[in-house]
Amino acid sequence: MHLLLVGVSHRTAPVELRERLDFSARGVDRALSALVNALTHHEATIISTCNRVELYVGCDETEATRTAIQQFLSDFHGIPADQLGPHLYTKVGQDAVAHLFRVASGLDSLVMGEPQVLGQVKDAFNLASQMGCTGPLLNKLFHSAFAAGKRVRSETALAEGAVSVSYAAVALARKIFGNLKGRTVMVVGAGEMGKLTAIHMQSQGIGRLLITSRTAAHAATLADSIGGTAMPWESLTTALAEADILITATGATAPIISRAVVAQTMKARRQRPLFIIDIAVPRDVDASAGDLEQVFLYNIDDLQAVVQENISRRGTVASDAEKIVSQEVGRFLGWLNSRGAVPTVVALRQRFESIRQSELRRLEPKLASLPPEARARVDEVTRLIVEKLLIDPTERLKSISDADTVAAYSDALNRLFSLTAEDANEESTLTSAGPTRSAKNPVS
Amino acid sequence: MPMNAILLVLYAVACVAYAVQFTRRTFSTSRVATVLLVLAAFVHTFVIGMETMRAGHVPFSTATSFISTFVWLLALAYLYVELTTSERAMGVFILPLLVALQAIPAASPMMEPRSALLESPWFGVHVSSLLFAYASFALAAVLGITYVLQFKEIKAKQLGFFYARLPSLNVLDEMNLRAVKIGWLFLTVGLITGGIWASQLQPSGDPRVTAMSLGDPKIFVAVLCWAVYSFELYAQRAIGWRGRRAAWLSAVGFGIVLLNFVPVSYFFTTSHNF
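Just so you know, the protein sequences line up as chains A and B, in that order. Going by the numbering used here, the letters in the first sequence line up with residues 12 to 455, in that order. Going by the numbering used here, the letters in the second sequence line up with residues 7 to 280, in that order.
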């Protein structure tokens, strides 16, 4: 069975086309069943996010399936094939494996290293798996992709620096204040983003963490959970004077901190620098407050730009991540190799079967005198004997996962039973430019 | 080749090494830069030592020898800062200043006269205080300039070249103020001892002595410097002029110091031309 990938991503298609191709609007489950109906006897998974639509299919005939998938995409979304064609990419075998692993690690993402994509790939696979659209190939493929994604996240700084706006905020704070020890951080709004940034700041050993929210209970809960001091909303402006770093992340629809308030605060602070991180959308702090001397005001877009800048400088981190991905691809291909026992098993069975058949033919003159029931019985008994002889070796061969052992066993069997390549069927071929078939490497 | 020209070459080579390490920022380029500067400062120490032996006192009596000694002191002060803070980023700004100033003694001979006027111990304290003051102000100016460069990048949200290389704004600001405080103390001592020394001079026929007044450009500019740095320290405490404003004042103050060093010393002063 071959692995085939057909898809579009932010690299190949403009957002208008990606929007039209996005399956989530009409339900990925419906799309998946429609796809499986269109291509009978296939494994399939659809990844559909705002940045990419990718169909992973296990099939026997890549060229025909590719055409069928393209037809399916154009029918399902009502997009003419000639409009779609130039933006689609197709990858087969090893290339498709590598692509999925890079996607799952965040290497192919618009914001490199962003962590959401791994969750999206998991969701896509889980759905396909629940709907019974996956088989041994895609099951193993996706689980290996998750492993690759996890390794990249834990072993490289790709996610750490790239992801987060909160990381960028901490880096900036350190560039302004140097050491953050003893600094006072104030969080306005008890949402997730504010919390994340505050936790990042805390890891830098800040002095005090003040938390305020329009709903006092929310501030108190957050203060309890991450260890800070909840402040009443009314004292916001007075408390501001104590803060070196102000993080605003409320859901307010209009700015809650005006330029005048910040100017007054700066006076009270005797012009000690104030770093304002406004991660709320819409913004919480009047943008003109950033013009004040010694006020450094960054909103979410500014931080995102910083993040992008970081990424472009993080070439080496990306290449570390690529190394991990190629290791994982190698490991997956190793598993595929272990599935290389299958051709040997098939060859062995065919060998035994052909011996049985030829013996039956040789005995044909003698058996001819027997009544039909007896002849059927002979046929039955010989078949059972072959079956019983083969059952143990078959099971054992299939259970070996190590490619070298598989190769050694296969080699031994090939020699002992004089199996030739022609005996085996064209079995599993995943490597696009697969190695030539040999006795030593029956995987092909 | 005169020793001062050799020193100029040594400082120039170190300057190139600091520029390379500033852009590359690798361990080996940093090492090479520091070693080259240490070598230049070491040879310079030797040259100053020889001159001191020859003249019987530290060579700072003429404008030219004063500059050479200043370069030596600034190189040592910078090396001290670098070795204690492990921050090399300042070097790329200090070294060109060293090279430019060292070019003056390299181009003209360093003759140490023994004017009877300069025998007073007040003169020694006066000149060495000012040497320390100006070295501090040079460091403060470089810290100020780097502060402004980085401040601009952070304010404009264009985090680039300097952002990646310089220490934090807070560190630059505090080091700047510390350097200004030390410089201000020495400048104050230098001015006071200079005043005492001048007042003790016998009114002789020497035109240089009669010109020792606030009206002399050299003295006037030195007092102006004192006013600028005094204001910087006052404004920082009283009205919160820290950060960029303090940084600018440090840069402006040292600009005036340089003005006093070269054009005023060589062309305008009538009192300090020994």
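Positions of the beta carbon are idealized from the N, C-alpha and C atoms, including for glycine.
- The three-state secondary structure of residue 102 of chain A, taken from DSSP, is strand.
- At a cut-off of 8 Å between beta-carbon atoms, residue 249 of chain B makes contact with chain A.
- Not one beta carbon of chain B lies nearer than 8 Å to the beta carbon of residue 342 of chain A.
- By a beta-carbon distance limit of 8 Å, residue 119 of chain A contacts residue 20 of chain A. Their separation comes to about 7 Å.
- The three-state reading of DSSP puts residue 112 of chain A in helix, counting H, G and I together.
- The C-beta of residue 309 of chain A comes closer than 8 Å to at least one C-beta of chain B.
- Proximity of chain A to residue 169 of chain B at the Cβ level (cut-off 7 Å) is accounted for by 186, in chain order.
- For residue 160 of chain B, a Cβ of chain A is located within less than 8 Å of the residue's own Cβ.
- By the CB criterion at 8 Å, residue 49 of chain A and residue 79 of chain A fall inside the cutoff.
- Nearest to residue 288 of chain A by C-alpha distance, out of A:312, A:271, A:84 and A:386, is A:312.
- Only residues of its own chain outside the window of five on either side were considered, and among them 16 and 20 have a CB closer than 8 Å to the CB of residue 45 of chain B, listed in chain order.
- Under the 8 Å criterion on CB atoms, residue 297 of chain A is classed as non-interfacial with respect to chain B.
- In this structure the segment 138-151 of chain B touches the segment 170-186 of chain B; the number of beta carbon pairs closer than 8 Å is three or more.
- Pairing residue 162 of chain A with residue 339 of chain A gives a Cβ-Cβ distance under 8 Å.
- Taking 8 Å as the CB threshold, residue 89 of chain B stays off the interface with chain A.
- Residue pairing for residue 13 of chain A: DSSP places it in a beta bridge opposite A:70.
- Put simply, the backbone Cα of residue 29 of chain B is about 22 Å away from that of residue 187 of chain A.
- With respect to chain B, the C-beta atom of residue 141 of chain A has no partner C-beta closer than 8 Å.
- At a cut-off of 8 Å, the C-beta of residue 252 of chain A has no neighbouring C-beta in chain B.
- Contact annotation for residue 224 of chain B against chain A: no contact, minimum CB-CB distance about 35 Å [criterion: below 7 Å].
- The beta carbon of residue 174 of chain B sits closer than 8 Å to some beta carbon of chain A.
- Contact between residue 59 of chain A and residue 35 of chain A holds, since their C-beta atoms are separated by about 5 Å, short of 8 Å.
- In the DSSP assignment, residue 198 of chain A falls within the unbroken beta strand (DSSP E) covering 195-199.
- Contact with chain B is absent for residue 160 of chain A, since none of that chain's Cβ atoms lies less than 8 Å from the residue's Cβ.
- The segment 210-274 of chain A is shown to contain whole beta strand (DSSP E) runs of 3 or more residues at 219-223, 240-242 and 256-259, in chain order.
- Near chain A, meaning a CB-to-CB distance below 7 Å, the residues of the segment 176-194 of chain B are 176 and 177.
- Residue 184 of chain A and residue 12 of chain A have their C-alpha atoms spaced approximately 54 Å apart.
- Across the structure, residue 78 of chain B and residue 155 of chain B are spaced so that their CA atoms are roughly 27 Å apart.
- With respect to chain A, the C-beta atom of residue 261 of chain B has no partner C-beta closer than 8 Å.
- In the structure shown, residue 126 of chain B falls within a coil segment according to DSSP collapsed to helix, strand and coil.
- DSSP links residue 63 of chain A through a beta bridge to A:20.
- The segment 256-263 of chain A makes contact with the segment 194-213 of chain A; the number of CB pairs closer than 8 Å reaches 3 or more.
- Put simply, the CB of residue 239 of chain B is far from chain A, with every gap to its CB atoms at 8 Å or more.
- Residue state for residue 303 of chain A is assigned as coil, using DSSP reduced to three classes.
- For residue 246 of chain B, the neighbours in chain A by C-beta distance under 7 Å run, in chain order, 281 and 282.
- Between residue 16 of chain A and residue 65 of chain A, the CB-CB gap stays under 8 Å.
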